[in-house]
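In this note's numbering, the protein residues as written are 9 to 631.
Glycine included, every Cβ here is placed at the ideal spot set by N, Cα and C.
Quick caveat: nothing in here was measured; it's all calculated off a predicted structure.
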Amino acid sequence: MLGGYAGKILHVDLSKRMFKKEILDPKFARAFLGGRGFGAKLLFDHLEPGVDPFSPDNVLIFATGPFTGTNMPKGQRYSVVTKSPLTGGYGDGEGGGHFGPELKFAGYDALIVKGKADKPVYIWIDDETARLEDATHIWGRGVFEADKIIKDDKADKLVRVAAVGPAAEKLVRFAAVTNDLYRHAARGGGGAVMGSKNLKAVAVRGFGGVEAANTDEFNKVAEEAMKKTYDNPGRKGMYDWGTWGGGGGWDLKQYNLWGIHPTRNYRSGYFENYEKIYGKNFRDRLLLKQRACFACPLACGRHALIRDGPYKGTFVEGPEYETITMLGSDCGVDNIEAIAKAHQMCDDLGFDGISAGNVVAFAMECYEKGLITKEQTGGIELKWGDPEAQMALLKKIAYREDIGDVLAEGVKIAAEKIGGSAPDFAMHVKGLPLPAYEPRGALGQALAFAISDLGGSHDRAWTYGEEITNPKLDRFSTDAKAELVKNNMRMRTLPDILGYCRFVLLSYDDYAKAMAALTGWNITAEELMTVPDKVTTLTRAFNVREGFGRKDDILPPRAMKEPVVDGPTKGRMVTKEELDKMLDEYYLLMGWDKDGIPKRETLEKYGMTDVAEKLTSRGILLS
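Quick look at the structure:
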C-alpha cells in the first residue's frame, strides 16, 4: 500500500443503494496528491457538463489528503467537492475536526456519492463495512440533535458525523456540511447538494491508521514540523485568541483601521462600533475553554457560553472573525451576545455563516430601500442593527418561509427575483457571497475575489496582509498584484490538497520532506509548487466547460461603481481598467488565453491532455 494513503475510494449510488470499492491508482495519487486535488479531478471526470446541481446526477465528493490522519501537526483537513448550487460551477469547502482522519482510518481516501435516495438516509461506514441507514427519524432535526441521535444509535461517542441541518433539507443554496458539530465545509453549497440527495449525514468509525513509507524518517520530520509550528509567533496568537482576534495582530480592530471591515452591506469598510465586537470582549465575557482539531497545537476553537441577557445559557463554539463581521458589522449589529446566538443558529440550522450574514445584510438594505415590505417578511422590520430581526429572518430562510424562500436562493438569484436596484448591491462573485473583507480595500484582493473558481471567496488567495504591510507594495496600485495573487494562491491551495490546516503554514521544503518520508516518492518543493497551479487550472477548465469565462471574473457593481462612503478607504472603488489590467497579467502567468481559457500547452504541461480533449469535444477552442 502506498504510504500516506488508505488505498481505496468508496463509491455510493444512493438511487441504486449500491456500494463499490475502488483501489486508489498510485499514478492518480502522485498527479493530484489528495484533498481538493482529488476532488477536482474526480468531479471533472465523473460529472457530465450541464447537470443541474440538484440533479441526482450531480456528484458529491469527500476527499482526504496524504497528511490527513497522520502525526503532522494540523493534519486533519478534508474537502467536500461538488457542482455548486450557488454558482453552477465548481464548488468546494474544507473541514477540520476529526471527520477527515476517521474516514481515512476506516480505509478510504475519498467517498464519491451520486444519485438520490427514495427516503432520508445516512451513510454508515464502520471500517470495511458500509451501508445505508434509515434517517427518517433524524430528518428535520438540527445538526446538533442529528449528531447525538446517530451516536446514540451506534452506542459510540467516537463515531464521527458529517451532517446537514434543516437548511439543506429545504435546499437553501448556501447550506453547509457540518462535522463534529462545529466544523464546516461550508462554502459552495455542498450541504444543499446533500439535502437534494435525501442524505442527512455520513457517519464514520475507523480503527485503522495511516502508514508511512519510512516511519522513522516521517516521525522525525513530523516532530520537527510540530516544533516549527509551536515556535511560530502566529501559533501563540491563534492559541491565545483564536480567530476572534484581540491580541493586537491582524484582527477586527486592525481591519477597521485599514478600512477593510464590511459594514452595512459593504457600504463602508469601517464600523463605528467595532470596539464593542472586538475579540477581547468575546474572550472576557463568553469564553469557557479552547478546543483543538485532530493533531493540532493551535487550539483555535473557542467553547463559549452566553451568561447574561435574553440568550443566557446558549452554548456556542465561536463565533469567529467571519461571522462576527458578517452577522455583526455587516448587519449593523454591535451586541456580542446576539452575534454569538446568531452564529449558534447558523451552526444548528446548517448554514454557511458567511453567506447567511451576507444575505441578511442584503435583505436589510432591500427593506431600507422599499424593495421588500413588512408584509413580505412576515411582519419582521428588517432594520440595521436589530439582532431579533436578524435571527427571525435566519429562521425564515432555513425553512423557506415568506421572503426567506427568495433569500434561500442566495444573494445573486434573490437579487434577480426582487428586481429593481437590488442586483446593484448584491455582494457576490459568480453567485458566491463575498466574505468579511471589503474588496475595494486593496487591488490584489479585488483580483483574488474576481478570479476565484468558487466565486466570492478568500479561500483561494488572501493578500491584504502583504499588500498593506509590505513597504514595496501599494495596495491601491495594480503593480505586481497578479504575481502576488498567484503566489498566495499556491501557498493557500497546497494545504487543502495535502489535508493540512492553513493556519500557521510551513515552507514548501518542509512539505516536500514530509511527503517524501510519508509516501516514498522522490518529491521536491519545486514539484509541490506546481500542483496548486495544476489544480487551479483544472477547476478553471471545469468552469469553462460549464460556460464561465472572463465575463464572470468581475466584482459586484457596488465595488466598481460606488466609492466607499467613509473610513480609511473612503472614496475607493475598483475600476474596470484596473481589473482588466490585472486579469490580463494573471491569465498570462497561469498559461491561460486572454479570455481566461487554459491553453492546450498548459494543460499538456500538467499532464491533463484528457482535459484538453474533453474541452475541445465540447466545441471549446484552445489556443
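I'd like to know whether the C-beta atoms of residue i and residue j end up nearer to each other than 9 Å.
i	j	result
residue 501	residue 13	no
residue 626	residue 553	yes
residue 72	residue 92	no
residue 307	residue 250	yes
residue 186	residue 170	yes
residue 318	residue 348	no
residue 452	residue 474	yes
residue 325	residue 336	no
residue 394	residue 365	no
residue 41	residue 69	no
residue 618	residue 602	no
residue 18	residue 29	yes
residue 178	residue 422	no
residue 4	residue 563	Because the chain is modelled from 9 through 631, residue 4 falls outside the range shown and cannot be assessed.
residue 455	residue 490	yes
residue 573	residue 213	no
residue 182	residue 363	yes
residue 302	residue 105	yes
residue 90	residue 267	no
residue 191	residue 323	no
residue 386	residue 411	yes
residue 605	residue 555	no
residue 367	residue 415	yes
Our contact map puts residue i next to residue j with C-beta atoms below 8 Å; I'd like the distance itself, whole angstroms only.
i	j	result
residue 94	residue 439	5 Å
residue 47	residue 193	At roughly 11 Å, the Cβ-Cβ gap does not stay under 8 Å, so residue 47 and residue 193 are not in contact.
residue 444	residue 270	6 Å
residue 469	residue 229	Incorrect: roughly 28 Å between the Cβ atoms, too far for contact.
residue 64	residue 127	That pair is no contact at about 14 Å.
residue 207	residue 130	7 Å
residue 514	residue 233	6 Å
residue 215	residue 113	7 Å
residue 357	residue 371	The Cβ separation is near 16 Å, so there is no contact.
residue 511	residue 246	6 Å
residue 99	residue 462	6 Å
residue 516	residue 536	6 Å
residue 426	residue 380	6 Å
residue 467	residue 85	About 12 Å separates the two Cβ atoms, so there is no contact after all.
residue 189	residue 155	6 Å
residue 5	residue 447	Since the first residue of the chain shown is 9 and the last is 631, residue 5 is not available in this structure.
Which residue or residues does DSSP assign as beta-bridge partners of residue i?
i	result
residue 187	170, 191
residue 86	72, 103
residue 600	606
residue 211	132, 169
residue 441	436
residue 429	Its beta-bridge partners do not exist; DSSP assigns none.
residue 31	16
residue 98	91
residue 21	26, 122
residue 276	271
Exposed or buried, which one is residue i when buried takes at least 16 other CB atoms within 10 Å?
i	result
residue 81	buried
residue 457	buried
residue 478	exposed
residue 460	buried
residue 321	exposed
residue 204	buried
residue 163	exposed
residue 76	buried
residue 241	exposed
residue 530	exposed
residue 612	exposed
residue 571	exposed
residue 629	exposed
residue 315	exposed
residue 166	exposed
residue 523	buried
residue 145	exposed
residue 359	buried
residue 239	exposed
residue 259	buried
residue 575	buried
Segments of 3+ residues assigned as beta strand (DSSP E) that fall wholly inside the region 292-335
As far as the region 292-335 is concerned, its whole beta strand (DSSP E) runs of at least 3 residues are 295-299, 309-313, 323-325.
For the region 222-247, which segments carrying the alpha helix (DSSP H) assignment without a break, of at least 4 residues, lie completely within its bounds, in sequence order?
You should have 223-239.
Ordered list of alpha helix (DSSP H) runs contained in the region 331-395, each at least 4 residues
The DSSP assignment places 344-357, 361-376 as complete runs of the alpha helix (DSSP H) inside the region 331-395, in order along the chain (cut-off: 4 residues).
Which complete beta strand (DSSP E) runs does the region 110-176 hold, if anything under 3 residues is left out?
Listed in chain order, they are 118-122, 129-134, 137-142, 168-171.
Which ranges does the alpha helix (DSSP H) cover as unbroken runs of at least 4 residues, wholly within the region 467-502, from first to last along the chain?
Listed in chain order, they are 472-477.
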